[in-house]
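This report refers to the structure that appears directly beneath it.
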Amino acid sequence: MGAIVAKAAFLPPPCGYQNEDVTSWVRTTSGEVVPLKLVSPAAASLDPSQSWFLLWSHGNAEDLSSSRHLAQVFADELRLTVALYDYCGYGLATGKPREDGLYSSIDAVLQHLLDNGAKLDHIFLYGKSVGSVPTVRLAMNRKFAVRSVVCACAQLRFLSSSVLQGVVLVSALASGARVVFPNSNSSVLDRVFGPNLSRVCRVQSPLLILHGTDDTVIPCHHSRLLAKRVADERNSKKDNCAVVLHTIEGADHNDIESTYFQLYFDFIKNFISQRKC
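Using our numbering, read the sequence shown as starting at 839 and increasing by one per residue.
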């Protein structure tokens, strides 16, 4: 079962970039090395502690080069630095594409940003398609966030106040099993790969979810399930932290960022701009 889901989840394309396109090489806890490319706006601040970051996790048939032009638009329009990276086994990253490689890759990149002066509360996460899996897992993993802040800042006063500024999920999956087996609603099968549905309720940052109504790869109801799970959890705790779902009429999985760019971008721009203060 796990092998079937993993085969569908990982489709690394031919590498679309070269060594000189990489800003930094980051080592994961498993010893693999992943590339990081920072895309900054013109006249950006050289002080990482004063900068805003968008940590970008791409889809399953992409590498970091696939998003570089879109990332430049985000950087220029939103006045932040977009951190593009590859998962283990993608692009020039070492290792093989596996679920644990998603997690070790994003963990290492976030740690690298923090070690180099970025502030946790100046970081947004963005995850599309399979990129929603490491994004949700990182956003709900408060132990990692606390450990990172202590390592980077060495000031305990940041423990209670520093949290990720916001999370954006685009064409996200509820779980890998529900993509491969559309009629499945088994919580046991959900754990086989990418259990976003069981994890997303533990995300405590503001959350924006976008999905095309005509998505033929990951149907729109996946995002509706995620949004409902978060809303139910936050309502039960009387938590007013925002969760917003926008469905984009007519958009499919691979054209939501192109054909429907303006609507897609405006939703994200409004979400991020309201929280950059």
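Even glycine gets a Cβ: it sits at the ideal position worked out from N, Cα and C.
Is it true that the CB of residue 1015 sits closer than 8 Å to the CB of residue 1027? yes
Less than 8 Å separating the beta-carbons of residue 928 and residue 953? no
What would DSSP say about residue 886, mapped onto helix, strand or coil? helix
Classify residue 880 as buried or exposed, calling it buried when 16 or more other Cβ atoms lie within 10 Å of its own Cβ. exposed
Residue environment, residue 1087, which counts as buried when at least 16 other CB atoms sit within 10 Å: exposed
Tell me the rounded alpha-carbon separation between residue 982 and residue 976. Because residue 982 carries a pLDDT of 45, less than 50, the predicted location of this residue cannot be relied on, and no value is offered for it.
With a threshold of 8 Å between beta carbons, is residue 921 in contact with chain D? Structure shown: chain D not included; a single protein chain is present.
According to DSSP, residue 1082 sits in a beta bridge with which residue or residues? 1046
Run of the beta strand (DSSP E) containing residue 973, from where it starts to where it stops: No beta strand (DSSP E) holds residue 973; the alpha helix (DSSP H) holding it covers 970-978.
Just curious, the beta strand (DSSP E) that residue 904 is in, first and last residue? Taken as a continuous stretch (DSSP letters only), residue 904 belongs to no beta strand (DSSP E), as it is neither H nor E.
Would a C-beta distance cut-off of 8 Å place residue 1052 and residue 1090 closer than the cut-off? yes
Could you check the C-alpha separation between residue 1107 and residue 923 for me, to the nearest Å? 21 Å
In chain order, what residues of the same chain have a beta carbon less than 8 Å from the beta carbon of residue 1057, not counting five sequence neighbours either side? 1020
On the DSSP letters alone, give me the boundaries of the beta strand (DSSP E) that residue 895 sits inside. 891-895
In the structure shown, what three-state DSSP assignment does residue 1066 receive? helix
Could you give the distance in angstroms between the alpha-carbon of residue 958 and the alpha-carbon of residue 1004? 10 Å
Contact check, residue 969 vs residue 862 under 8 Å by CB: the rounded distance? Not a contact, Cβ separation roughly 19 Å.
In terms of DSSP beta bridges, what is residue 923 paired with? 874
Among the candidates 925, 892, 899 and 898, whose CA atom is the shortest distance from the CA of residue 911? 892
If you follow the beta strand (DSSP E) that residue 1007 is part of, which residue opens it and which one closes it? 1004-1008
Reducing DSSP to helix, strand and coil, say where residue 963 ends up. strand
Whole angstroms is fine: what's the gap from residue 906's alpha carbon to residue 860's? 11 Å
Between which residues of its own chain and residue 851 is the CB-CB distance below 7 Å, once the five residues before and five after are set aside? 899, 900 and 901
Closest Cα partner of residue 1113 within the set 1093, 1067 and 1006: 1006
Mapping DSSP to helix, strand and coil, what is residue 1001? coil
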